[in-house]
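Heads up, my numbering is the position in the sequence shown plus 2, with the first residue counted as 1.
All residues carry an ideal CB built from backbone N, CA and C; glycine is no exception.
Predicted model only: the values in this text are computed from it and were never measured.
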Amino acid sequence: MTQSRVAAIILAAGEGTRLNSARPKVLHEIAGAPMIRHVIDALRPLDPVATIVVVGRGMDRVAKAAAPARCVTQSPPRGTGDALRAARPALADLLARGGITDILVLYGDTPLLRSETIAALVDSRRRAPEVAVAVAAMRPADPGPYGRLVLDGDAALMRIVEAKDASAAERTIGLCNGGIMALDARYAFDLVDRIGNDNAKREFYLTDIVGIARAQGMSCRVAELPAEELLGVNTRVELALVETLMQERLRRRAMEEGATLIAPETVFLAADTRLGRDVVVEPNVFFGPGVRVADNVRIRAFSHLEGATIGEGAIVGPFARLRPGAVLEADVHVGNFVEVKETRLGAGVKASHLSYLGDSDIGAGTNIGAGTITCNYDGYGKSRTIIGERVFIGSNTALVAPVTVGDDAYVATGSVVTADVPEGALTIARARQVDKPGRAAALRERLKGKTD
Ligand code: UD1
Ligand code: MG
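Pasting the structure below:
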C-alpha cells in the first residue's frame, strides 16, 4: 500500500443559523480558540499535503483564524456537497499529479475531534483499498438531527439519510453520521459532481455520496468512533456542552502533566494553557489564551490570567489579574487586586496588594507598595515606566509615565513621581505635612457655627 497523502477539506461556509449570531459559526470559541482552529490543529499530526477551508462570502475573519490553511469561497452556501465542489479547483494540480490518496472531509463545527480519531478513519479506508468512502459513525445518546447510516446485512454502508428526509423507521436507527469522511481521491470529485438537491432542504448533501458510490458498484464502510468527539455545534446549548467536555479533557491533561487542581470543575483552561509540574491551582481560576506557567507555581483563588508567562516558584493571587504581556520571573509574588499588563516583573518582585502595573519593566528584588499605580495613559497614548532592581516603592505612589526609577532608589509613600528618580535616591514627592497645635477645637467651633 502506498503511503497516505491526505488532503483535508474543512467545511465552514454554513451560516450557522441555529446559533442566532452575527458571527460565523466556526469562529465561536471553545476553550479560548475558534472552533475551526481546534479542527486544524487536530489535523497537524496527519501532516496533510493540503488543508483547504471552505468559507462563505465575507468570512475574511474565518480565513484569518484558519491561516496558514488555504481558504476557498463557496457562495451561496448550497449544502455540504456543494461546499466540497468549491474546494476542487484548489486541489486540481495535486490531484492531476496523483499527489493525493485520500480526500478527508471534516466539518468545522466538530471541535472535539482528536488526531488519533481522524487517523483511525483514514486507516479504516486504507486498510481495504477498494473502499471508496469511509464514514465516521457514532451512536449519540440522542440521535436527533444527525444523518442516519443505513447498513446492509454485511454491515456495509448503503446510504446516509438526513434526519429531515428520514422515514419513521429510519429515524429509529441509532448509528449516525459523525461528519467526517475519507474518500478515495481517484473518485471523490466525480462522485461529488453527481450529487443533486432533491431533498427537504433543497441542498446538495455530501451525505448522498454514499448512495451514489454504491450505485457505481463501489464499496463504502463505516468506522465507529467515540460519539463524544463527533459532537457538532449547531446551537448555543451545544456550544456550552462542547465547552464542558473540552474543559474536562483539558483539566485531565493538566493533572496528568503534574498540576494539582484543588477543585477542577471550577478551573477554566484555554486549549493552549500549559501548567508545569507541581503547580497548584486553587478554586475559581480562569485561564484565557496564551498562559505558560513554570513548575512549583501557586495560582490562588479567583484569579484571571491571559497572555501571561509565570516563572518558577511564583505566587499569584488571590484575586489577581494578569493580562497579555505580563511576564513574572521566578519567585514573584502578585497579590490580591493587582493588575499586570505588558509588564515584566523581575525575579523576586513583590506586588502584594491593590496595584496597577502596565507598560512597565520592574527589576529583580523590587517591592511595590499597596496602591501603586503606573499612570501609563494620558487619554491619547501609552508610555512606559521603568523601575530598576531592589527599589522600594512606597504605598499609594503614582508613577506618571514616561518615567524611570534607578536601581536601589527608595520612593516615599504617597509620592506622585513625575520626573526620573536617580539610582540610590530617596525621593519624597508629596506636600509636606503641616501641624497646627490645638487648632482642632477652634476649627470645630467655626464649622459648628455654620450649621446652627
Ligand atoms: C451534517 C450532516 C449530518 C451529520 C452532521 C454531523 C450533511 C447534509 N449532513 O449535518 O449527516 O450527522 O453534519 O455533525 O452533510 N457547510 C458548508 N457549506 C454549506 C453547508 C454547510 O460549508 O453549504 C458547513 C458548515 O459550516 C458546517 C458543516 O458544513 O461546518 C456542516 O453543516 P451543518 O449545517 O452543521 O450540517 P448538519 O445539519 O449538522
Ligand atoms: Mg452541524
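Distance between residue j and residue i (C-alpha atoms, nearest Å)
i           : j           : result
residue 93  : residue 301 : 48 angstroms
residue 154 : residue 219 : 14 angstroms
residue 217 : residue 86  : 20 angstroms
residue 41  : residue 250 : 18 angstroms
residue 205 : residue 16  : 12 angstroms
residue 209 : residue 234 : 15 angstroms
residue 89  : residue 374 : 56 angstroms
residue 71  : residue 109 : 15 angstroms
residue 207 : residue 166 : 12 angstroms
residue 369 : residue 282 : 24 angstroms
residue 313 : residue 134 : 52 angstroms
residue 53  : residue 199 : 27 angstroms
residue 142 : residue 269 : 27 angstroms
residue 299 : residue 338 : 16 angstroms
residue 352 : residue 286 : 23 angstroms
residue 49  : residue 225 : 21 angstroms
residue 345 : residue 267 : 30 angstroms
residue 288 : residue 262 : 15 angstroms
residue 10  : residue 186 : 12 angstroms
residue 418 : residue 408 : 16 angstroms
residue 21  : residue 37  : 13 angstroms
residue 311 : residue 24  : 33 angstroms
residue 120 : residue 44  : 8 angstroms
residue 159 : residue 136 : 9 angstroms
residue 107 : residue 124 : 10 angstroms
residue 425 : residue 377 : 21 angstroms
residue 293 : residue 174 : 46 angstroms
residue 236 : residue 367 : 52 angstroms
residue 6   : residue 169 : 38 angstroms
residue 97  : residue 362 : 54 angstroms
residue 75  : residue 384 : 40 angstroms
residue 360 : residue 403 : 10 angstroms
Buried versus exposed call for residue i [16 or more other C-beta atoms within 10 Å across all chains shown]
i           : result
residue 254 : exposed
residue 117 : exposed
residue 164 : buried
residue 381 : exposed
residue 223 : buried
residue 66  : exposed
residue 420 : exposed
residue 333 : buried
residue 128 : buried
residue 77  : exposed
residue 188 : exposed
residue 100 : exposed
residue 115 : buried
residue 308 : buried
residue 112 : buried
residue 264 : exposed
residue 449 : exposed
residue 59  : exposed
residue 104 : buried
residue 336 : buried
DSSP-derived helix/strand/coil call for residue i
i           : result
residue 6   : coil
residue 120 : helix
residue 30  : coil
residue 305 : coil
residue 37  : helix
residue 391 : coil
residue 376 : strand
residue 270 : strand
residue 192 : helix
residue 81  : coil
residue 104 : strand
residue 451 : helix
residue 213 : helix
residue 539 : Since the first and last residues shown for the chain are 3 and 454, residue 539 lies out of range.
residue 256 : helix
residue 186 : strand
residue 429 : strand
residue 12  : strand
Sheet register partners of residue i (DSSP bridge)
i           : result
residue 262 : 282
residue 355 : 338
residue 343 : 360
residue 138 : 225
residue 275 : Residue 275 is not bridged to any residue.
residue 179 : 139
residue 401 : 376 and 419
residue 288 : 270 and 306
Contact test: residue i Cβ vs the ligand GDP heavy atom, cutoff 6 angstroms
i           : result
residue 117 : Annotation note on the ligand GDP: not contained in the displayed structure, which lists the ligand UD1 and the ligand MG as its ligands.
Quiz item: Which residues count as close to the ligand MG when the rule is a CB under 5 angstroms from any of its heavy atoms, in chain order?
Solution: Those residues, listed in chain order, are 111, 234 and 236.
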